[in-house]
Amino acid sequence: MSGSTTLVDLEKVSVRAGAVRILEDVSLTVHPGDAVGVFGANGAGKTTLLRLIATLQPPAGGRCSVFGADMYAADRFDIRRRIGYIGHTPGLYPELTLLENLAFVADAHGLPESEARRALELVGLSGAADRRTDHSSHGMQRRTEFARVLMTGPDLLLLDEPHSALDADAVDLVDELVHRTVERGGAAVLVSHDRDRVNSLATRTHEIKDGTLL
Amino acid sequence: MSGSTTLVDLEKVSVRAGAVRILEDVSLTVHPGDAVGVFGANGAGKTTLLRLIATLQPPAGGRCSVFGADMYAADRFDIRRRIGYIGHTPGLYPELTLLENLAFVADAHGLPESEARRALELVGLSGAADRRTDHSSHGMQRRTEFARVLMTGPDLLLLDEPHSALDADAVDLVDELVHRTVERGGAAVLVSHDRDRVNSLATRTHEIKDGTLL
Amino acid sequence: MTDAGATPGFFAQVMTIVRRDLLRERRSGEVLWVTLPFGAIALLLVPLAIGTDAPTLQRIGPGMFWVIVMLFGVLIAIRQTSAETQAQRDMVALTGLDPAAIFVGRSTASFLLLVVFQTVLGAVTIVLYNVTPTGWAVLPVVLLLAASGLALLGTLAASIVSTGRSATALVPLLVAPLSVPLLLGATQALEAIRLGRSSLVWVLLMATVGLLLAVAGILSARPLQETA
Amino acid sequence: MTDAGATPGFFAQVMTIVRRDLLRERRSGEVLWVTLPFGAIALLLVPLAIGTDAPTLQRIGPGMFWVIVMLFGVLIAIRQTSAETQAQRDMVALTGLDPAAIFVGRSTASFLLLVVFQTVLGAVTIVLYNVTPTGWAVLPVVLLLAASGLALLGTLAASIVSTGRSATALVPLLVAPLSVPLLLGATQALEAIRLGRSSLVWVLLMATVGLLLAVAGILSARPLQETA
Amino acid sequence: MTSTQHRTTVWPWIVMAVAGLHTFVASMTVSPDVVQGQLSRIMYVHVPAAWLAYLAFGVTMFASAMYLWKKDFRWDRRALASAEIGVLFTALAIGLGMIWAKPTWGVWWTWDARLTLTSIMFFVYLGYLALRRTTDNLDVRAARSAIFGVLAVVQVPLVHFSVIWWRTLHQPPTLLNPEGPAMDTAMVITLLIAVASFTVIYVAMMFKRIELARLEDEVLVADQTSSGPVAGQAVTAPGLTKGS
Ligand code: HEM
Ligand SMILES: Nc1ncnc2c1ncn2[C@@H]1O[C@H](COP(=O)(O)OP(=O)(O)OP(=O)(O)O)[C@@H](O)[C@H]1O
Ligand SMILES: Nc1ncnc2c1ncn2[C@@H]1O[C@H](COP(=O)(O)OP(=O)(O)OP(=O)(O)O)[C@@H](O)[C@H]1O
Ligand SMILES: [Mg+2]
Ligand SMILES: [Mg+2]
């Protein structure tokens with residue numbers, strides 16, 4: 002881990018689409034060991050907040066830094082390697098197999114293919130490693146995303162409705178992933194509509210309402 | 002409602018992808034007033050079962066009928082109008098607004114555009130009716146799908162993980178939809194990983210395991 | 021809510037699809053802003069590549085026009101299918117629209133877009149290649165027949181392909197042989213006019229091909245959907 | 021699992037992208053089974069459309085070849101971007117690959133595909149148009165320069181417009197002007213050889229354009245990603 | 002909007018009027034060309050318009066490069082202003098060329114490398130302007146258009162040398178000929194006067210356009226910092242009771 006003591010530091014950040022305000026004056030600090038839950042109604046801006054932290058959504062104003070570096074000034078690709086983000090929809094190539102999708106990410110991280118296989122095993126997909134992604138069920142694709150994040154071992158975990166689409170066995174993956182990350186001195190931000198599950202996981206929770214974080 | 006007393010009648014139906022057996026010897030009868038819950042692990046074949054009933058997935062063998070008509074011999078487009086299916090991913094056109102997407106379906110069902118507006122109001126999206134679909138959040142798109150099904154008032158409801166992506170206010174939509182349909186003499190099949198929610202809704206439940214329905 | 025509305029008639033269903041396609045085009049501007057400029061640029065590049073000898077250009081001008089119209093016309097006609105997701109296909113299927121109405125609606129929308137495409141490219145050809153259009157009576161007929169033939173062909177190809185997933189490969193192989201009679205009909209009809217001969221047989225050829233495609237499309241629409 | 025592996029060097033990152041693109045192409049077969057046949061069909065249609073007069077065909081053959089290579093080459097080079105989903109873009113961004121390496125990798129993969137494309141279409145041209153290729157020493161150089169220029173151009177244009185969905189519309193407008201020098205260089209170099217003159221200046225023109233595009237692409241990769 | 006009162010500058014309008022008049026007087030007083038007669042007077046607008054378009058696009062390239070280097074929005078606005086004026090001048094050159102072509106070549110338009118490439122140049126910079134419209138995000142807009150603004154400039158040498166590379170109808174270089182100007186001295190001087198006046202007009206227009214661009218950017222920023230609607234408020238709890 003880096004020497005800095007804050008992993009995420011947002012200060013009065015706003016996100017807009019033209020005149021429409023999506024997020025307004027959002028401030029959030031995440032320290033190592035934190036597991037932050039974020040709740041909010043549909044369309045409140047939860048996904049936007051996660052993508053902002055993941056350096057995927059440029060802010061309209063305010064100061065934001067991840068791992069102590071200004072995330073929109075620095076060479077982002079260095080800090081991006083340390084972020085583990087799982088969005089609403091799986092970002093996999095449908096024509097490749099599950100293993101090939103993971104192997105690409107492993108390759109980009111300088112990891113051998115064996116790591117990709119091992120990660121698939123961890124999420125219970127060894128048997129389907131060579132199945133094309135578009136021949137795999139929704140839950141299998143979600144599991145593959147978890148395998149990707151397990152494989153790269155990020156310091157900052159950003160999970161968007163992580164429990165959805167996972168079966169009873171697989172929901173434990175979420176806890177597993179969060180615990181691992183937090184134990185190694187990382188942190189997690191979890192967005193969810195499932196308050197019970199997240200409350201039991203999170204060290205603190207926030208609510209998004211009217212574009213601001215409460 | 003049609004005079005027939007079974008809405009869905011599957012008899013030893015199997016579904017395959019090449020040599021891979023996805024479903025095997027599945028039999029299922031759904032009567033008016035039934036709300037059937039279906040559980041199963043990731044990749045078990047739940048979505049495949051729903052798409053089979055929705056006449057979207059051709060069977061490899063067995064007999065299947067919906068509304069008393071063989072669903073793969075007859076002119077399916079007549080029975081399809083009476084089916085309300087919500088899949089994993091929203092089937093909306095991203096470049097159209099939410100209202101335009103609904104208006105297309107209304108048009109196809111011979112309903113006026115005002116019905117589309119009213120349906121959007123029912124799911125709490127009046128304020129976002131003119132927002133482009135790709136500028137709407139995941140949950141807003143899911144809600145729009147519920148609006149579509151509310152609008153067309155189907156006799157057979159097929160819901161694939163209906164609770165996911167909906168916020169605390171909107172999950173009631175699922176109950177509402179199921180109750181409405183069942184009250185008018187229709188039926189519902191619900192696939193979910195959320196056993197508690199479905200158990201409270203369903204009149205009976207099944208489990209899919211190793212390609213067969215238990 | 022209300023009980024389902026009355027099932028719309030065939031024509032109303034066709035119009036539903038036409039409206040949808042034109043609205044989507046208006047929002048995405050794909051034909052207008054991508055295919056059309058690309059086609060025009062193609063016409064511009066040809067003289068740069070093959071040299072600038074005016075008589076040659078005049079000679080090949082109409083031919084180039086037709087080649088570009090055929091190639092890009094197919095792209096226009098198959099545009100919807102290639103980008104469609106499974107979820108969108110499911111949604112359309114469950115609207116219960118008659119597959120034949122969908123076929124006719126899609127073809128009609130493509131036809132309208134192709135007419136715009138042809139008109140603009142035609143103007144570009146006339147200016148760039150110094151072609152003097154002849155046969156003012158027959159020319160519009162030929163253009164409309166070409167547009168409708170291409171629209172039908174593209175829609176048919178797309179609907180055959182959309183059933184089997186990996187079969188996109190088939191589109192060119194399917195379209196090429198079938199577009200040859202259209203191309204021949206169009207070029208030969210205009211050539212005949214230029215030489216003062218009767219173009220009737222060529223116009224009839226195009227009309228026949230169009231008719232065959234329409235019949236094939238309408239008759240195959242349901243069976244194709246059955247296997248979807 | 022393990023702590024993250026060591027960050028791969030620039031070249032390793034480039035190879036990661038090249039492998040991914042070629043694997044995706046192998047699985048989807050888009051270039052091989054759709055673009056290539058379409059290009060070949062275009063070459064086939066031209067003689068049908070403009071009439072089969074051997075000297076004319078021979079005269080316009082090389083030019084047609086270049087036009088088709090340019091048009092379809094652009095389609096090949098932008099193929100990845102147009103179909104990419106937001107989720108896939110996010111995933112690639114978070115791999116932390118250097119945007120410049122991504123640019124080089126994509127261009128390289130497109131270059132390899134374009135070389136195949138050119139080779140096949142070249143053979144078709146020779147057969148169909150009865151063209152005798154001359155300048156065996158320079159020809160491969162010209163072909164390789166054209167392929168690399170087009171690959172760079174398409175990749176760059178795609179990355180300039182990539183974020184906005186409706187902006188794909190602009191790709192042809194961005195690509196057309198910059199492809200003119202390539203087209204000019206390619207045709208004029210071969211013309212010079214045919215006339216027994218030196219083609220050096222044209223080859224140099226192409227090389228310069230390619231170099232400029234490479235520099236522009238590499239330098240702009242990060243700023244473009246920063247603002248994504 | 003900001004509270005400061007914006008005083009619009011007036012002098013560019015005056016300069017434009019004077020320079021325009023200057024061109025007109027000069028081109029009308031010179032004796033007509035021996036071959037082309039009175040028609041040759043079109044040249045004193047056609048040619049400066051074309052050259053100033055070159056200059057404008059050159060400035061766009063320079064300003065774009067400067068933006069990429071300094072990340073200063075003033076350079077972005079300069080690039081935009083120059084490109085827009087360049088498009089205007091290109092249109093002028095094409096329009097006058099067409100008017101000139103009808104009596105001399107007998108057609109409004111014909112296939113000719115310079116004509117084709119000039120119109121491609123026109124569309125390319127229209128594309129530049131269109132590219133700027135694809136986003137409201139100032140940084141994104143500036144970065145993208147700057148990269149394109151640098152690359153698009155290859156059009157200029159292409160148009161200029163097209164008459165040499167493709168030997169076609171259009172006049173080969175007469176004034177900028179490597180072997181010295183092949184033109185009557187009086188005509189050369191008149192042409193230079195016209196070019197000078199056009200340059201003055203260009204500079205004046207630049208001032209006006211940059212001023213306008215600054216205001217536009219301020220409006221955009223104001224719009225993006227004003228309290229517009231909150232996205233999430235469009236979504237409410239489902240109104241189920243109102244249904245059935
Ligand atoms: C419609 C079409 C025309 C267009 C688009 C056009 C475009 C241009 C352009 C871009 C230039 C600047 C070239 C350079 O110096 O690099 C130019 C220069 C010139 N044009 Fe045209 N032109 C057109 C028609 C004509 C006609 C009909 C004539 C006269 C018969 C003409 C005569 C000239 C002359 C004399 C120059 C100056 C050449 C020199 O000194 O370099 N143009 N034109
Ligand atoms: N073409 C194919 N080849 C091989 N297997 C396939 C093919 N198509 C589907 N399958 C398999 O069929 C199975 C059933 O998929 P389905 O989407 O119905 O699962 P599911 O029960 O809905 O799972 P989930 O809970 O993840 O949504 C999956 O294991 C999938 O990999
Ligand atoms: N271009 C845009 N124009 C207008 N509104 C937009 C635009 N882009 C996004 N929005 C709005 O921003 C809001 C935030 O979206 P976001 O996806 O972050 O919501 P969310 O909290 O994740 O919701 P969900 O629970 O449904 O996933 C939504 O209301 C969306 O409609
Ligand atoms: Mg969300
Ligand atoms: Mg499923």
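Chains as they are written, first to last, in the numbering used here: chain A, 2 to 215; chain B, 2 to 215; chain C, 21 to 248; chain D, 21 to 248; chain E, 2 to 245.
C-beta: ideal position from N, C-alpha, C; glycine also.
*asked:* Any heavy atom of ligand 4 closer than 7 Å to the beta-carbon of A/T48?
replied: Look at A/T48: its beta carbon is less than 7 Å from one of the heavy atoms in ligand 4.
*Take C/P57 as the anchor and find which of D/L193, D/A234, D/L198, D/V200 has the nearest alpha-carbon.*
Selected option, being the one with the closest Cα: D/L193.
*Pick helix, strand or coil for A/R17, following the three-state DSSP scheme.*
The three-state secondary structure of A/R17, taken from DSSP, is strand.
*Counted within 10 angstroms of its Cβ, other Cβ atoms place D/Q33 as buried (16 or more) or exposed*: Counting Cβ neighbours within 10 Å, D/Q33 comes out buried, since at least 16 surround it.
*Within the present structure, is the beta-carbon of A/S165 separated from the nearest heavy atom of ligand 6 by less than 7 Å?*
Ligand 6 is not part of this structure, which contains only ligand 1, ligand 2, ligand 3, ligand 4 and ligand 5.
*Scan the region 34–67 of chain C for residues whose Cβ lies nearer than 7 Å to a Cβ of chain D and list them as they occur along the chain.*
Taking 7 Å as the Cβ-Cβ cut-off against chain D, the residues of the region 34–67 of chain C that qualify are S48, G49, W53, V54, P57, F58, I61, A62, L65, V66.
*Along chain F, which residues have their Cβ under 9 Å away from the Cβ of C/G237?*
Among the protein chains in the structure shown, which are A, B, C, D and E, there is no chain F.
*From C/S127 to B/E101, what distance separates their C-alpha atoms?*
Using only the alpha carbons, I get a separation of about 21 Å.
*Taking Cβ positions only, does A/N43 come closer than 8 Å to chain B?*
In terms of beta-carbon proximity, A/N43 lines the interface with chain B, with at least one pair separated by less than 8 Å.
*Use the C-beta contact count for A/N200: other C-beta atoms within 10 angstroms, 16 or more gives buried, fewer gives exposed.*
A/N200 counts as exposed, since fewer than 16 other C-beta atoms from the protein chains shown sit within 10 angstroms of its C-beta.
*asked:* Closer than 8 Å is the cut-off here; do at least three beta carbon pairs connect the region 140–159 of chain B with the region 203–215 of chain A?
replied: Not touching, per the Cβ criterion.
*In the DSSP assignment, what residue or residues form a beta bridge with B/A133?*
Note that residue 133 of chain B is Arg in the sequence shown, not Ala. B/R133 is bridged to B/T98.
_Neighbourhood of E/I100 by C-beta, 8 Å cutoff - its chain only, sequence neighbours within 5 removed_ = These residues qualify, in order along the chain: I43.
*Counting contacts by CB-CB distance shorter than 8 Å, is E/A114 in contact with chain C?*
At least one C-beta of chain C is nearer than 8 Å to the C-beta of E/A114.
*Name, please, each residue of chain D whose Cβ falls closer than 7 Å to the Cβ of E/F63.*
By Cβ distance, chain D contributes nothing, its closest Cβ being about 15 Å from E/F63, past 7 Å.
*Secondary structure at E/A54, three-state DSSP: helix, strand or coil?*
Helix.
*To the nearest angstrom, how far is it from the Cα of B/T182 to the Cα of B/G125?*
So the two alpha carbons sit approximately 20 Å from each other.
*Does any C-beta atom of chain E lie closer than 8 Å to the C-beta of A/A189?*
So, not an interface residue.
*Got a sec: which bits of the region 16–31 of chain B sit with their beta carbon under 8 Å from any beta carbon on chain C, in order along the chain?*
Answer in chain order: no residues at all.
_Between D/A74 and chain E, is the shortest Cβ-Cβ distance under 8 Å, so that the two count as touching?_
No, D/A74 does not count as interfacial toward chain E.
_Inter-stretch contact at 8 Å, needing at least 3 Cβ pairs: the region 115–132 of chain B / the region 80–91 of chain B_ = Here the region 115–132 of chain B makes no contact with the region 80–91 of chain B; the two share fewer than three CB pairs at distances below 8 Å.
_Cβ closer than 7 Å: which chain E residues qualify as neighbours of B/V124?_
Those within 7 Å of B/V124 in chain E are P239.
_Just checking: is the beta-carbon of D/L77 within a distance shorter than 8 Å of some beta-carbon in chain E?_
Judged by the 8 Å Cβ criterion, D/L77 is not in contact with chain E.
*Quick one: give me the first and last residue of the beta strand (DSSP E) that A/V192 is part of.*
Looking at the DSSP string, the run of the beta strand (DSSP E) that includes A/V192 is 188–192.
_Given this structure, state the Cα-to-Cα distance separating C/L9 from E/V201, to the nearest angstrom._
Outside the modelled stretch of chain C, which goes from 21 to 248, sits residue 9 of chain C, for which no answer is possible.
*In three-state DSSP terms, what is A/D156?*
Coil at A/D156, not helix or strand.
*CB C/V223 to CB C/L165, shorter than 8 Å?*
A contact, by the Cβ cut-off of 8 Å.
_Under DSSP, the alpha helix (DSSP H) around D/Y149 begins and ends at which residues?_
From DSSP, the alpha helix (DSSP H) with D/Y149 extends over 119–149.
*Straight-line CA distance for C/S186 to D/A60?*
Here the model assigns C/S186 a pLDDT of 49, short of 50, so the residue's position is not dependable, and the following value carries that caveat. Distance between the alpha carbons of C/S186 and D/A60: 21 Å.
*Report the residue ranges of all beta strand (DSSP E) runs contained in full by the region 2–66 of chain B; include only those spanning at least 3 residues, in chain order.*
Counting whole runs of 3 or more residues, the region 2–66 of chain B contains the beta strand (DSSP E) stretches 9–18, 21–31, 36–41.
*Mind checking whether the beta-carbon of D/S219 lies closer than 7 Å to any heavy atom of ligand 4?*
Not one heavy atom of ligand 4 is found less than 7 Å from the C-beta of D/S219.
*Count the other CB atoms within 10 Å of the CB of E/H47; is the residue buried (16 or more) or exposed (fewer)?*
By the 10 Å Cβ count, E/H47 comes out buried.
_Partner residues on chain C for D/V151, Cβ-Cβ distance less than 7 Å_ = The contacting residues do not exist; D/V151 stays about 12 Å from chain C at best.
*Under 8 Å between C-beta atoms, does C/A107 make it to chain B?*
Judged by the 8 Å Cβ criterion, C/A107 is in contact with chain B.
*Nearest CA to the CA of E/I86: which residue from E/A153, E/A197, E/Y55?*
Check the Cα spacing between E/I86 and each of E/A153, E/A197, E/Y55: the tightest is with E/Y55.
*Could you confirm whether any beta carbon from chain E is found closer than 8 Å to the beta carbon of C/A248?*
Unreliable positioning characterises C/A248 in this predicted model, as indicated by a pLDDT of 46, which lies under 50. The coordinate reading is nonetheless provided below. No, its Cβ sits nowhere closer than 8 Å to a Cβ of chain E.
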